[in-house]
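Have a look at the structure below before the remarks.
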Amino acid sequence: MASNKNIAFFGATGGCAAACLAQSLQAGHNCTALVRNSTKLTNILSSLSISPETISQHLTIIEGNVKDPIAVSRTLFPASLNPSDPSNGNNSVSIIISGLGSIPVWKKWSLLPSIEDPTLCADGMSIILSSLRARKPVTKPLLVAISTTGLSKYGRDYPLLLFPIYAWLLHVPHMDKHLMEEAVIEAVKGEEAVLGEYAVVRASLLTSGEALGMGKIRWQVEDGAVTKNAIGYTISRNDVGGFIFEEMVRRFEGVKERGGSGRIITVTY
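For the sequence shown, our numbering gives the first residue as 145, with consecutive numbering after it.
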């Protein structure tokens, strides 16, 4: 690591983003996290062996909602990077990690679960990108969006046995993730681009299991075809977060001068 990086986290109490945040803090990076409940986040980090001293030194927690533009802007443009003008300065974080996602809920008389907020990912990403446009960061950041398999335009990128789950049970949350992905991809295009680079990480079905490590993860960049070498059933949230830290955070050396690039990556066991 050549220097400490400045990273913004959205959805940091979710397992994938929390695991990445924990490793980023351990590595000494300066992080800002927007959460609805700060105590919940610190408890999660404590369970991941992050000390109170590390949290105090390297993490700024902003309590709020991703649908609040002011809270989002404070997360993307932390006061520590804009000491002379915290509200309007245009020094942003260099990496944005989005682990946004809603929780399932059961409605009366319904045979299938719905989700608490069926447009959270798309709406939240729209506000993140709008906040960047409003303050025009000096250096356009890298944005990493945690998404899901089942969205490839090239064909089925998950095992056939999972088709009923993907087609019916997960249809609504997948539509939300699809719209989120589209917004991210568009945000690197043209003169009005607000992102320098993006990485969409499509994970297979998520589990709460222990991390197995990078050696157990299969991953492939989608490059004009289905990611056939990374078709699998599950992966733990801890390993998704670890993968993002190793492949995006740790390896990040700044957006290339021309920018405007991106990758869609499938990860599974």
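Even for Gly, the Cβ is constructed at its ideal location relative to N, Cα and C. All values reported here derive from a predicted model rather than from experimental measurement.
Option nearest residue i by Cα separation, candidates the options
{"i": "Pro-285", "options": "Ala-331, His-318 and Glu-260", "result": "Ala-331"}
{"i": "Ile-199", "options": "Gly-208, Asp-212, Leu-165 and Phe-396", "result": "Leu-165"}
{"i": "Ser-405", "options": "Asn-373, Val-338, Gly-376 and Ala-162", "result": "Val-338"}
{"i": "Arg-279", "options": "Asn-235, Phe-389 and Thr-186", "result": "Asn-235"}
{"i": "Arg-381", "options": "Ile-290, Ser-296 and Val-249", "result": "Ile-290"}
{"i": "Val-316", "options": "Ser-246, Pro-227, Glu-197 and Phe-396", "result": "Ser-246"}
{"i": "Thr-283", "options": "Phe-153, Asn-148 and Val-399", "result": "Val-399"}
{"i": "Ser-296", "options": "Val-216, Ile-408 and Asp-383", "result": "Ile-408"}
{"i": "Pro-313", "options": "Ala-266, Asp-367 and Ser-258", "result": "A quick correction: the sequence has Leu, not Pro, at residue 313. Nearest of Ala-266, Asp-367 and Ser-258 to Leu-313, Cα basis: Ser-258."}
Presumed contact (8 Å Cβ cut-off) between residue i and residue j, rounded CB distance
{"i": "Gly-243", "j": "Gly-155", "result": "3 Å"}
{"i": "Gly-345", "j": "Val-288", "result": "Note that residue 345 is Val in the sequence shown here, rather than Gly. Val-345 to Val-288, Cβ: 6 Å. Contact."}
{"i": "Phe-387", "j": "Val-411", "result": "6 Å"}
{"i": "Pro-230", "j": "Ala-223", "result": "4 Å"}
{"i": "Ile-241", "j": "Ala-163", "result": "Not confirmed; about 11 Å, so no contact."}
{"i": "Ile-206", "j": "Thr-219", "result": "5 Å"}
{"i": "Thr-378", "j": "Thr-351", "result": "5 Å"}
{"i": "Val-216", "j": "Leu-178", "result": "7 Å"}
Helix, strand or coil at residue i according to DSSP, with G and I counted as helix
{"i": "Phe-153", "result": "strand"}
{"i": "Asn-464", "result": "The shown model of the chain, from 145 to 413, leaves out residue 464, and the question about it has no answer."}
{"i": "Ser-258", "result": "strand"}
{"i": "Leu-349", "result": "strand"}
{"i": "Gly-407", "result": "The identity of residue 407 in the sequence shown is Arg, whereas the question assumes Gly. Looking at Arg-407 - three-state DSSP - the assignment turns out to be strand."}
{"i": "Tyr-298", "result": "coil"}
{"i": "Val-399", "result": "coil"}
{"i": "Arg-279", "result": "helix"}
{"i": "Thr-219", "result": "helix"}
{"i": "Val-393", "result": "helix"}
{"i": "Ala-163", "result": "helix"}
{"i": "Asn-337", "result": "One detail in the question is off: residue 337 reads as Ala in this sequence, not Asn. Correct three-state label for Ala-337: coil."}
{"i": "Ile-375", "result": "coil"}
{"i": "Ile-240", "result": "strand"}
Burial state of residue i, where buried means 16 or more other Cβ atoms lie within 10 Å
{"i": "Pro-416", "result": "The structure shown does not extend to residue 416, since the chain is modelled only from 145 through 413, so no value can be given for it."}
{"i": "Ile-151", "result": "buried"}
{"i": "Thr-157", "result": "buried"}
{"i": "Met-145", "result": "With a pLDDT of only 42 at Met-145, under the threshold of 50, the placement of this residue in the model should not be trusted; the figure read from the coordinates follows. Exposed: under 16 other Cβ atoms inside 10 Å."}
{"i": "Ser-348", "result": "buried"}
{"i": "Tyr-310", "result": "buried"}
{"i": "Glu-336", "result": "exposed"}
{"i": "Tyr-302", "result": "buried"}
{"i": "Ser-168", "result": "buried"}
{"i": "Asp-320", "result": "buried"}
{"i": "Thr-292", "result": "buried"}
Check: residue i C-beta below 6 Å from any heavy atom of the ligand NAD
{"i": "Lys-211", "result": "In the structure shown, the ligand NAD is absent, as is every other ligand, since no ligand is present at all."}
Given 8 Å, three or more beta-carbon pairs between the stretch 351-358 and the stretch 255-269: no
Using 8 Å as the cut-off, can you tell me whether the stretch 166-173 makes contact with the stretch 202-209, which would need three or more C-beta pairs spanning the two stretches below that distance? yes
So, does the stretch 271-278 touch the stretch 180-189, judging by three or more C-beta pairs under 8 Å? Contact fails: fewer than three Cβ-Cβ distances are below 8 Å.
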